[in-house]
Amino acid sequence: MEEERKPDESQPEEAYVPRPRWQIWAARIGLVIFLLLIAMYYVNIARGGR
1 MEEERKPDES
11 QPEEAYVPRP
21 RWQIWAARIG
31 LVIFLLLIAM
41 YYVNIARGGR
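According to the working numbering, the sequence shown is numbered sequentially starting from 1.
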């Protein structure tokens, strides 16, 4: 059986570092663009593909 690995107490655990604000906003804008493209695709299909 595999032995359970315990974290080495001599090494401090890395603290959480939040993402930069520009990266969060870039992801939000990218999501909005993606959702708009999907909506336009479905509208195109609903109109018969023209």
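In this text, a Cβ means the ideal position worked out from N, Cα and C, and glycines have one as well. What you are looking at is a predicted structure, and each value in this text was computed from that prediction instead of being measured.
Measure the C-alpha to C-alpha separation of residue i and residue j and round it to an integer number of angstroms.
i	j	result
Tyr42	Val17	39 Å
Glu14	Ile33	34 Å
Ala27	Leu36	14 Å
Pro20	Gly30	16 Å
Pro12	Trp25	31 Å
Ala46	Glu4	56 Å
By the three-class DSSP mapping on this structure, what secondary structure does residue i have?
i	result
Ala46	helix
Val17	coil
What I want to know is whether the C-beta of residue i ends up closer than 7 Å to one or more non-hydrogen atoms of the ligand NAP.
i	result
Ile38	As presented, the structure is devoid of all ligands, the ligand NAP included, so that no description of it is given.
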